[in-house]
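Quick mapping for you: the protein sequence lines, in order, are chains A, B, C and D. Note that the first sequence covers residues 4 to 221 in the working numbering. Note that the second sequence covers residues 19 to 204 in the working numbering. Note that the third sequence covers residues 2 to 197 in the working numbering. Note that the fourth sequence covers residues 455 to 664 in the working numbering.
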Amino acid sequence: MSDCQSDHSDENEDVITPAELIVKLEEAWLNEKFSPELLEHKSEIVECVMEQIGHMEENLQRAKKGDIKANIHRMEIDRIRFVLNSYLRSRLQKIEKFFPHILEKEKSREEGDPSFLTAEESVFAREYLANTESYMNKVALKHMPPNLQHMDMLKAVPKPCLDTFVFLNVKERQENILVEHETDDQREYVVDLERGSQHLMCYRTIAPLVASGAVKLM
Amino acid sequence: MDPSEVEFLAEKEMVKIIPNFSLDKVYLIGGDLGPFNPGLPVEVPVWLALNLKQRQKCRIVPPEWMDVEKLEEIREQERKEDTFTPIPSPYYMELTKLLLNHAADNIPKADEIRTLVKDIWDTRIAKLRLSIDSFINQQEAHAKLDNLTLMEINTTRSFLLDSLNCMYKLRTNVQPSTAAEKTMDY
Amino acid sequence: MFCEKAVELIRELHRMGDGQLPAFNEDGIRQVLEEMKALYEQNQSDVNEAKAEGRSELIPTIKFRHCCLLRNQRCIAAYLYDRLLRIRALRWEYGSVLPTNIRFHMCAEELDWFNQYKKSLATYMRSIGGDGGLDITQDMKPPKSLYIEVRCLKDHGEFEIDDGTVILLKKNSQHFLPRWKCEQLIRQGVLEHVIS
Amino acid sequence: MDTQSYLPVPPGVGKEENFFSLDDILLSHERLPCRLETKFPRLGFLEKSSDTRDIPEGTKMEMPLWVAKGLYEQKRRVLAVELPKVYREGWRTVFGADPNVVDLHKMGPYYYGLGSQMLHFDSPENPDVAQAILQTFIGRFRRIMDSSQNAYDSDTSALVERLDCLERALFREGQNGLNAFQRWEKGHAHLTASNLVINYRKRKLADMNV
């Protein structure tokens, strides 16, 4: 990917239009909504979109009340803000659902690998863990016998299930995608994913394609 | 996903309106609209068309496919074929509802159109159930779902995905156990 | 059998499957903790006896009690964790100020957790995209740039709509308002959507 | 939908339980017929039929699944767990003939959950049990789907009464999808107060009436 969202490709930074930006936001929104795990953050998109909205809102300050043009702009802003909010909510919901695993993954991340959390999300996740652990301790664990005062949140909170099925739409043609046939391990087979075609299959097999943007979830 | 969110996506589709006001080009973040001139057709997203219509600032021109004869043809085709036939709009259901609810006076034979679209929907949903049943029965791992629309997927999404998830887990039971036993299950 | 009290806590929550928060069962928790204390002490003494006198036949009993201890721990932890999920939901359904009758159902530590959660969420929301931030607890439903008829269920005071007009929300008054502006107030039960 | 903010920890289904899942805790409270293969000193009071100090080796008694799992060891036999009737050959044959005739709620209500959990205990029958519960699920799927995608009526309610817990959850999910669509289809997607707010208000009223 080479657009305003990838911070590690400065040398071939392409300019994208605001319209393309909105398309990217909507795609990120739906991918996040439908993928069982937390996806890589898209804070560059979020920031660009917020900048656009802020800019537009500033202009609108000068508009007259009841101005039809201003009204149209406001309606559009409301729509974009909904997508933005819903996208960020989906992420927060997953962070709350899987926090020990997400933090563990961040910890074991190699230097230079992309982070899945934004800095702010990371603060939120760490606070959520600390808050929850401290609550459990104060109310119950510290009153338990010495050998039972510890609880491993990693084991207690369920992991995201990557074997879940997803619906997807193909953006870039893919060849030889391995499908594990459920009734027989020997009967694995491959499929080609034609551009524009739609499929129902296991998330684990296509997770890299969601990450690279070759397919989008629907 | 809530159906209102699918409808939200449908509202981005473009539709032709005939405005009764004039306005210069509007430079939206998502692209330019207009200019608007009284009596001259112009394409706008459905969300805007409906708002203008509610404020009596335009007449909506129904999409070409929203026509009794065309829909009858589609219905016959849908009934004849076992697979999902290509549909003229990926948001046919949402657009029908939106336009008929808010601009019925601009759409000839609105009631007939409502019935036809509902027939098409019902036929497709019945097919969808058949394919879900065979997917589960054959314990498939992949299905190609061309021409299925988002709203159609969405009505059965949670049910289908949860069912597949259960089946997957029960399938894992059948394979000789390799997973390490969890130690915290007391 | 041991751990019956602990499972009773779980049943109590399970019966309220819709996510409501029953009163914090302090007494139930205390009883489970007491049972754990007793099990632990019996085990300590049996472990010592097994070691000192070589009575290895006590081991199955010790293991049995240990299972019970772990079970009790799991039930209490699951009880508390599920309550947190319900309390979290309140932040999203009600906003940051909870009605007294709900606060009444929470223990002091739960209130602490709730306050900290509110704070973390607020910090996060303020930090989104540079200045000003974004209130993501708003816009829960897609905007409908359409107007709807609403009736006011209680006095709410002045209310500004998007074109800058200010209207007075008086009990039983009816208004024709942009739909998205009403969403939050309808969820809170201040306004009611009137269907003609 | 975003507005349904309470998202409980789901059950694990299959062999793994979710530690925090209320459903899984209740499932693991199901009792299993067991035979103790060793003496349990000083626990005699747990066994109602006797008043001895110890539970002697060879005692047959029912134990909750969590005890059985906790004590079970493959190498050293502490206790043997009997397969509940519904998973044995007799019933497997009945299920094989027509899984739809069985009242899985009466026979369960955790038919799939408990069946999967039984695989933790070594038995030559395990592959057949695993196969039987999978085939039962597949065999009953069509009816659950069809009924969950139709309006709720007396026929459906009779069917739902005979569903196991997992099937009921699926049925509800199907109904939710259908209801959400129908509500949308009916038009003006009526905005309402949050469910939690309404329920609390109801309870407040009930409290006042006391």
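Note that the Cβ used here is the ideal one computed from N, Cα and C, for glycine as well.
query	result
Endpoints, alpha helix (DSSP H) assigned at residue 619(D)	619–639
7 Å CB neighbourhood of residue 207(A) in its chain, flanking five on each side removed	165, 166
Assumed close pair residue 90(A), residue 22(A) - CB separation to whole angstroms, cut-off 8 Å	That pair is no contact at about 18 Å.
Residue 170(B), buried or exposed, once every other Cβ within 10 Å from all chains shown has been counted against 16	buried
DSSP state of residue 172(A) mapped onto helix, strand, coil	strand
contact_flag[the region 614–623 of chain D, the region 583–601 of chain D] where n(CB pairs < 8 Å) is 3 or more	yes
Alpha-carbon spacing of residue 179(A) relative to residue 170(A), whole angstroms	18 Å
Beta-carbon proximity check, residue 65(C) vs residue 88(C), cutoff 8 Å	no
Min CB distance residue 22(B) to chain D below 8 Å	yes
Exposed unless 16 or more other CB atoms sit within 10 angstroms - verdict on residue 571(D)	buried
Sequence-distant residues of the same chain with beta carbon closer than 6 Å to residue 25(B), five excluded per side	112
Inter-residue spacing [alpha-carbon to alpha-carbon] between residue 209(A) and residue 22(B)	28 Å
Residue environment, residue 135(B), which counts as buried when at least 16 other CB atoms sit within 10 Å	buried
Minimum Cβ-Cβ distance from residue 153(B) to chain C less than 8 Å	no
Local Cβ density within 10 Å of residue 113(A), reported as buried at 16 or more and exposed below that	exposed
Partner residues on chain A for residue 19(B), Cβ-Cβ distance less than 9 Å	33, 36, 37
Span separating the alpha-carbon of residue 195(C) from that of residue 37(B)	30 Å
Interface partners of residue 90(C) on chain D, CB under 7 Å	459, 460, 650
Proximity winner among 522(D), 460(D), 511(D), relative to residue 482(D) (alpha-carbon distances)	522(D)
CB contact check: residue 479(D) to chain C, cutoff 8 Å	yes
Proximity below 8 Å, CB of residue 148(C) to CB of residue 99(C)	no
Residue 116(B) beta carbon less than 8 Å from that of residue 227(B)	Summary: the structure shown does not reach residue 227(B), with chain B confined to residues 19 through 204, and so no result is reported for it.
Residue 76(C): first and last residue of the uninterrupted alpha helix (DSSP H) it sits in	60–95
C-beta neighbour in chain C for residue 102(A), strict 8 Å	no
Contact list for residue 205(A) against chain B, beta-carbon separation under 7 Å	159
Rounded separation between residue 10(A) and residue 640(D) - CA only	Any answer about residue 10(A) is weak, because its pLDDT of 46 lies below 50 and its placement is not dependable; what the coordinates show is given next. Spanning the two alpha carbons is a distance of roughly 46 Å.
Simplified DSSP state of residue 502(D), which is helix, strand or coil	coil
Residue 578(D) burial status per 10 Å Cβ neighbour count (16 or more: buried)	exposed
Within 7 Å of chain D by C-beta, residues of the region 143–174 of chain A in sequence order	158, 159, 160, 161
Cα-Cα separation, residue 153(C) to residue 171(C)	6 Å
Three-way DSSP call (helix, strand, coil) for residue 77(B) in this model	strand
Chain-order list of residues whose beta-carbon lies under 6 Å from that of residue 22(C) (same chain, five-residue window excluded)	87, 106
Sub-8 Å separation of residue 124(C) and residue 497(D) beta-carbons	no
Proximal residues of chain C, C-beta to C-beta of residue 87(A) below 9 Å	129, 130, 135, 137, 140
Any chain A beta carbon closer than 8 Å to residue 129(B)	no
Beta-carbon proximity check, residue 219(A) vs residue 33(A), cutoff 8 Å	yes
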